[in-house]
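Report on the structure given below.
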Amino acid sequence: MKPAAPAVREFHYRVRHGAAGHVPGAHRSRRGEAGLEFRGHVPLTQAPDTRRIDVHASLRDAFGQWQVRVFSERKAVAVVVIADLSASMGYRGVRRKLDVLADFTQAAAESAWRAGDSFGFIGCDERLRRDWLLPPTRRRGLGGLLAQRLRRLDPQGSAIGLAEAARALPHRRALVFLVSDFHLPIADLETVLGGLAHHEVVPVMVWDRQEFDPPRNGLIQLADPESGEQTLVWVRPALRERWRAVQAGRRAALQALFHRHRLDPLVLDDGYRADAVSAHFVQG
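Structure, rendered in structure tokens:
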């Protein structure tokens, strides 16, 4: 018998633009007139139900139309994690990035099940990995199984396959967590985000603070985590300053990228913490 995955705390999330499905759930819908949460008034011709006519609103209408109360229905959504499985996600500083991804994936699956939503998973490295593809389902416990596999994974190659992930998403608008360290070139990330524009996307940036600290002075060996290429570098104070400048420029470029796509990134640079993820949705 396989050991159970360690428990992780669930987080609370919400969709910001309304759910568009037909399955009853916990999220406010953009459609429907017969829910429980008051949404506003529309003319009787748009919602022909005389039982919900609001006489006071009708008397105030400038065009003299009968006004009907409409209510938001609660619907379910598909929650999908698109995961970067490239070599750089194997980096271990304070924590291994893949372990953070595993914790987040397990928590997202359990949180979706608790909310009555379906959960799916799409893993990519240099290509869309069919062996890491889980269509949205309401089965419980799959997040723990995915987490176990992720912790055992030896990641390889680049993350360019993320550009193919949109093909595996459901047609109906989903809540998508794009979990990556975002080391791809900005032009490639533009392509990835452009393909996901139909969905509600939350970029989840898995970083480790040690990864961005300038190296100590002296001779060190640096390795490209995705190509495996190693280089000997003599680190001097001037190089440390250039290192800091490059890192700051990269962060600024990523922020500009997300701003262009009207996305609010979630940064996990201290491991997975349920409170931090929930706060992201409250503050957003």
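So for the sequence shown, our numbering puts the first residue at 2; every next one is plus one.
From the three backbone atoms N, C-alpha and C, an ideal C-beta is built for every residue, glycine too.
By Cβ distance, which residues of its chain are closer than 7 angstroms to residue i, with the 5 residues on each side in sequence left out?
i: V16; result: H28, V78, L176, E201
i: D85; result: C125, A160, L163, V180, S181, D182
i: W235; result: L220
i: E212; result: Y92, G94
i: R128; result: G162, E165
Starting from residue i, follow the beta strand (DSSP E) in both directions and report where the run begins and ends.
i: E201; result: 201-207
i: R131; result: 129-138
i: A317; result: Residue 317 cannot be examined here, being either before or after the span of the chain that is shown, 2 to 285.
i: L267; result: 267-269
i: Q231; result: 231-236
Taking only three categories from DSSP, how would you classify residue i?
i: L176; result: strand
i: R115; result: helix
i: Q68; result: strand
i: R97; result: strand
i: P25; result: Any reading at P25 needs caution, since the residue's pLDDT is 49, under 50, leaving its predicted position unreliable; the model's value is listed next. P25: strand per DSSP, three-state reduction.
Comparing alpha-carbon positions, which option in the options lies nearest residue i?
i: V71; options: I83, D50, D62; result: D50
i: A148; options: M206, V56, L258, D100; result: D100
i: F64; options: L45, V80, R53; result: L45
i: F105; options: L146, H262, E191; result: L146
i: F259; options: P204, V234, W208; result: P204
i: L134; options: D118, L170, E127; result: L170
i: Y288; options: R153, H57, A116, D270; result: Given that the chain is displayed from residue 2 to residue 285, the structure contains no residue 288 and the question cannot be resolved.
So, for residue i: in the same chain, excluding its five sequence neighbours on each side, which residues have a beta-carbon less than 8 angstroms away from its beta-carbon?
i: A108; result: V9, R10, E11, F12, G144, Y273, A275, V278
i: A254; result: I187
Beta-carbon within less than 6 angstroms of residue i's beta-carbon, same chain only, minus the 5 sequence neighbours each way: which residues are those?
i: W114; result: R141
i: P136; result: G121
i: S59; result: W67, Q68
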